[in-house]
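So that you can map any letter, position 10 of the sequence shown is 10 in UniProt numbering, and since no number is skipped, the others follow by simple counting. We treat Cβ as the ideally placed atom computed from N, Cα and C, and that holds for glycine.
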Amino acid sequence: MRDGCTTKKKLIYLPSSMINVLLQVYHGDPLSGHFGVQRTYLKIKNRYWWPNMKRSLIQYIQSCLPCQQYNISRTKKPGRLQPIPPPEGPFQLI
């Protein structure tokens, strides 16, 4: 607060019946770009609010079929573990 003024914005409370429609517009619309959780949340949070907003957004994006099909994992899968023979004396295996 600066000089006794409050800077709270008035947000629109979204009823539960409209949450999926809004998420479809902000995430699933061809012009919205199927962005991830963080970018979609940043677009929505300044205008709307509902209980457990981030959790429902995460669930919606994780269940988005195009995102599941085209967002592949870019990390290398772990290989199989290979047993190492025990050393015969101290400081032989470094």
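Using 10 angstroms around the beta-carbon of residue i, count the other beta-carbons present and answer buried if the total reaches 16, otherwise exposed.
i	result
residue 57	buried
residue 26	buried
Please work out which residues of its chain come closer than 6 Å, Cβ to Cβ, to residue i, disregarding the five sequence neighbours upstream and downstream, and give them in chain order.
i	result
residue 44	26
residue 77	none
residue 10	none
Residues in its own chain within less than 7 Å of residue i by CB, not counting five upstream and five downstream?
i	result
residue 19	50, 56
Less than 8 Å between the CB atoms is what I'm expecting for residue i and residue j, so what's the real figure, rounded?
i	j	result
residue 41	residue 54	6 Å
residue 22	residue 14	6 Å
residue 33	residue 64	At roughly 12 Å, the Cβ-Cβ gap does not stay under 8 Å, so residue 33 and residue 64 are not in contact.
Please go through the same chain and pick out, in chain order, the residues whose beta-carbon is closer than 8 Å to the beta-carbon of residue i, but skip the five residues on each side of it.
i	result
residue 36	61
residue 12	47, 48, 49
residue 67	34, 61
>> Runs of 4 residues minimum, wholly inside the UniProt domain "Integrase zinc-binding" (15-72): which ones carry the alpha helix (DSSP H) assignment?
In response: 19-23, 37-44, 53-62, 65-70
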